[in-house]
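**Q**
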Amino acid sequence: MADKLLDVRGLPCPYPILKARKAILEVPAGGTLEVLATDPGSREDFAVFAETSGHMLVAATVEAGVFRFVIQRAHEVPPPGWHSSAS
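Just so you know, my numbering puts 620 at position 60 of the sequence shown, and the rest follows in order with no gaps.
(1) Do you know how far the Cα of T598 is from the Cα of A624?
(2) Would you check if the distance between the CB atom of A583 and the CB atom of K564 is smaller than 8 Å?
(3) Taking only three categories from DSSP, how would you classify L585?
(4) If we ignore side chains and look at the alpha-carbon of each, how far apart do V577 and L566 end up?
(5) What residue range does the beta strand (DSSP E) around T621 cover?
In structure tokens, the structure reads:
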């Protein structure tokens, strides 16, 4: 079970990512945030969000039009503007 659940079903881009960015800060380092979304672009958005923020996307599934993402918070959150050099 995730440390925090964020339900952003029905919200269009960019709101799911903006809310997830804030919510992940409420999760302890190493903990997980589960996100439920319906925006079709969220699959790619959450993969990019995890990579560029230093967090890990540990699960991404879809069932009945609902995307479920589980993101593990990094032990240290990189400063704003940081981007992974692993491309």
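By construction, the Cβ of each residue, glycine as well, lies at the ideal position given by its N, Cα and C atoms.
**A** Looking at the atomic coordinates:
(1) Here residue 624 corresponds to residue number 64 of the sequence shown, with the count starting at 1. Here residue 598 corresponds to residue number 38 of the sequence shown, with the count starting at 1. Cα-Cα distance, rounded: 10 Å.
(2) One-based indexing of the sequence shown puts residue 583 at position 23. One-based indexing of the sequence shown puts residue 564 at position 4. Yes, they are a contact pair.
(3) Working through the sequence shown from its first residue, we reach residue 585 at position 25. It is helical.
(4) For the purposes of this step, residue 577 is taken as residue 17 along the sequence shown, with counting starting at 1. For the purposes of this step, residue 566 is taken as residue 6 along the sequence shown, with counting starting at 1. Per the sequence presented here, residue 577 reads as Ile, with Val not at that position. Each residue's alpha carbon lies about 11 Å from the other.
(5) Taking the sequence shown and counting its residues from 1, one reaches residue 621 at position 61. Counting along the chain, the beta strand (DSSP E) containing T621 begins and ends at 616-623.
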